[in-house]
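Structure first, then comments.
The structure is reproduced here in structure tokens:
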């Protein structure tokens, strides 16, 4: 789909729909410093358009937000997704949401263990924070004892992967045309999820359970295409626990899961702390420190991440994030830098860089970043917001 | 031994009388300060619930102005601090970002931030409230409700402020996470409205001056300033907050300030 067709469609929608259409249009370029291992190009550019309609009338909300993405190199990165298309009815202590939406669960900063309602759009970004819309019926009940969310998830969204011409992918291509399902209903299976959360002064807690098709597949050699991997979507049961405790500028956080259905039952966790220094060195700058450790039964060792968040508190809301990830067993180091800044009242610019170190040195351990060893990159994104 | 020490040393009775005078006057001025603060706080009572649109102007040293817009709702909670929710409308990149606050009389307020891009709710740690609010000269703290119980008061005196006669009281925040060591507050004698506040930073330096203008009376009991200015003397910048479309008794209930309500914004 070309950019012009996308713009025509937006213009059409804004003409026929009531309410105010707003949205964002972005262009981003990723530049890789090294030649790719399989002949892919050193840079690619993509355009994203995401118009949005939000109507709030009394106790009813209607929200529509499609997303179009077009990449100039990797066809697997082209996307049409409905991020939001729901009707929300609000009652005194209840809420019902019908339609497609995104829901986030979790408390940690670097890895999201518990978050499971939406599929990850891995081809969009490396951090896994971009999600695909999930059709659902959500019933929410809020009382003194906390907030209870009950989800019926209708149908399944496949994970996105970089294709033949894309980078930041495994050496073997993922065959997204031939996914494998354990459930006979395949991607039509109806899944269930429930989450309770509450807070007691400075302590926040949430318990959740998900029963359905895993969002995180395992991989098998594709039966239909040579040298390709088919994602295997098994049916899992996953229980989650989220906790955080606040003390002054310090937050202690942890997310824990236990999952069955993909081989042996396993547990995984991310836990750590976030400490913020408000007004460092007598300036208006805030500096946040994040340390998070990981555990995963499936892996020999998991990385520890040290992050900083520098907030300038200026008129442009400038923010600079950095992250250093270190895996003790494999002696791998990854470094991430991300800066965002508002331009005028209309726009935002973001710069992201990732550097993988020490990957070529063989110390006898399996390297987690092995597939990405030539994929150090710099990404520049420019977002233009339209409508008021 | 110096002369002055010798003076006190030789006159224990004089010293005793001086000490007692200081203690007693201190007690009286503390009580008077508290009384004035309580009378002033009554002006914030009885609004029930309200909604308004806020425009914030950020002005730099050169005089350049940028604007931010927020929709603001609040609910009076008997016997506790109030609940409020502020939703950003502009600038565009933060449209839909919302802040939910549950104020408390004595203990630190509870605050949560909603980020619509990630659909994520994050709690704001207590101490972080002393930081700037959206790049302005206001801090999160300046936005929370100034509950009487959160300060310790000393009556200083009376003074002309603008064309009014004002009480001057000094208050010290009891919250250990406050960004201020003390504040001097000017309250007019006629309606007990806060007219001016000097904010002193952690080094007791006069950092900011806040002024309140265009007070309007609602329901014969509730006074709302329609313009609040904050001047930062250290960096030469200032911020102006303007309230428009102030509506009372809009029928909000707890559900409009629930954890779920925060997630409803976009």
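Protein chains in written order, with our numbering: chain D, 4 to 391; chain U, 16 to 281.
Note that CB positions come from ideal geometry on N, CA and C, so glycine has one too.
7 Å Cβ shell around residue i - same chain, five flanking residues per side excluded
i                      : result
residue 273 of chain U : none
residue 306 of chain D : 297, 328, 329, 330
residue 247 of chain U : 152, 222, 223, 253
residue 156 of chain U : 144, 145, 193, 194
residue 189 of chain U : 165, 166, 167
residue 269 of chain D : 262, 300, 301
residue 91 of chain U  : 62, 63, 64, 97
residue 34 of chain D  : 45, 46, 380, 381
residue 260 of chain U : 67, 68
Check: residue i C-beta below 6 Å from any heavy atom of the ligand ATP
i                      : result
residue 246 of chain D : Among the components of this structure there are no ligands whatsoever, and the ligand ATP is therefore not found.
Integer-rounded CB distance, given that residue j should sit under 8 Å from residue i
i                      : j                      : result
residue 177 of chain D : residue 232 of chain D : 5 Å
residue 171 of chain D : residue 338 of chain D : Wrong, their Cβ atoms sit about 15 Å apart, outside the cutoff.
residue 231 of chain U : residue 225 of chain U : Rounded, the Cβ-Cβ distance is 18 Å, inconsistent with contact.
residue 103 of chain D : residue 138 of chain D : 5 Å
residue 111 of chain U : residue 236 of chain U : With 8 Å as the limit, residue 111 of chain U and residue 236 of chain U do not qualify as a contact, their Cβ atoms being about 34 Å apart.
residue 185 of chain U : residue 169 of chain U : 5 Å
residue 81 of chain D  : residue 383 of chain D : Actually they do not touch by this definition, with Cβ atoms about 20 Å apart.
residue 28 of chain D  : residue 52 of chain D  : 5 Å
residue 2 of chain D   : residue 199 of chain D : Absent from the model: residue 2 of chain D. The displayed extent of chain D is 4 to 391, so no value can be given.
residue 181 of chain D : residue 105 of chain U : Their Cβ separation, rounded to whole angstroms, is 47 Å, which puts residue 181 of chain D and residue 105 of chain U out of contact at 8 Å.
residue 386 of chain D : residue 351 of chain D : 4 Å
residue 77 of chain D  : residue 169 of chain D : 3 Å
residue 255 of chain D : residue 247 of chain D : 7 Å
Close beta carbons around residue i, own chain, < 6 Å, minus the five adjacent residues each side
i                      : result
residue 186 of chain D : 192, 238
residue 36 of chain D  : 379
residue 65 of chain D  : 58, 90
residue 74 of chain U  : 80, 253
residue 358 of chain D : 338, 379
residue 117 of chain U : 98, 125
residue 19 of chain U  : Bear in mind that a pLDDT of 44 at residue 19 of chain U, under 50, signals an unreliable position, so the number given afterwards is only what the model happens to contain. Within the same chain, residue 19 of chain U has no close Cβ partners at all.
residue 47 of chain U  : 170
residue 53 of chain U  : 163
Buried versus exposed call for residue i [16 or more other C-beta atoms within 10 Å across all chains shown]
i                      : result
residue 203 of chain U : buried
residue 228 of chain U : exposed
residue 40 of chain D  : exposed
residue 93 of chain U  : exposed
residue 181 of chain U : buried
residue 355 of chain D : buried
residue 203 of chain D : exposed
residue 21 of chain U  : Because the pLDDT of residue 21 of chain U is 44, which lies under 50, any placement of that residue in the model is unreliable, and the question is left without a value.
residue 223 of chain D : exposed
residue 249 of chain U : exposed
residue 148 of chain D : exposed
residue 73 of chain D  : buried
residue 175 of chain U : exposed
residue 283 of chain D : exposed
residue 229 of chain D : exposed
residue 243 of chain U : buried
residue 191 of chain U : exposed
residue 275 of chain U : buried
residue 127 of chain D : buried
Element boundaries [beta strand (DSSP E), containing residue i]
i                      : result
residue 380 of chain D : 380 to 389
residue 375 of chain D : No beta strand (DSSP E) contains residue 375 of chain D, which DSSP labels as neither H nor E.
residue 156 of chain U : Note, residue 156 of chain U: premise wrong, no beta strand (DSSP E); alpha helix (DSSP H) at 155 to 158.
residue 171 of chain U : 166 to 176
residue 62 of chain D  : That residue, residue 62 of chain D, is in no beta strand (DSSP E); it is neither H nor E in DSSP.
residue 98 of chain D  : 97 to 104
residue 139 of chain U : Neither: residue 139 of chain U is in no beta strand (DSSP E) and is coded neither H nor E.
residue 324 of chain D : 322 to 330
residue 26 of chain D  : 24 to 35
residue 87 of chain D  : 82 to 93
residue 131 of chain D : Element bounds for residue 131 of chain D: n/a, residue is neither H nor E.
Residue range of the unbroken alpha helix (DSSP H) whose run includes residue i
i                      : result
residue 276 of chain U : 274 to 278
Neighbourhood of residue i by C-beta, 8 Å cutoff - its chain only, sequence neighbours within 5 removed
i                      : result
residue 391 of chain D : 23, 25
residue 173 of chain U : 180, 181, 182, 183, 204
residue 143 of chain D : 97, 98, 99, 100, 150, 151, 152, 153
residue 277 of chain U : 100, 113, 115, 127, 129, 136
residue 360 of chain D : 335, 336, 337, 338
Contiguous beta strand (DSSP E) assignments of at least 3 residues, all confined to the region 218 to 269 of chain U: 221 to 233, 237 to 247, 253 to 263
Notebook entry, point to check: Which runs of the alpha helix (DSSP H) spanning at least 4 residues fall entirely within the region 219 to 269 of chain D, listed in chain order?
Noted result: none
Please specify which runs of the beta strand (DSSP E), each continuous and at least 3 residues long, are wholly inside the region 184 to 224 of chain U, giving them in chain order.
197 to 203, 209 to 215
Q.
Quick check on the DSSP output: what are the complete beta strand (DSSP E) runs of length 3 or more inside the region 113 to 139 of chain U, in order along the chain?
A. Counting only runs of at least 3 residues, the region 113 to 139 of chain U fully encloses the following beta strand (DSSP E) elements, listed from N- to C-terminal order: 113 to 117, 125 to 130, 135 to 138.
Every unbroken alpha helix (DSSP H) inside the region 154 to 191 of chain D [4 residues or more] = none
So within the region 292 to 324 of chain D, which uninterrupted beta strand (DSSP E) runs reach at least 3 residues, ignoring any that extend past its ends? 307 to 314
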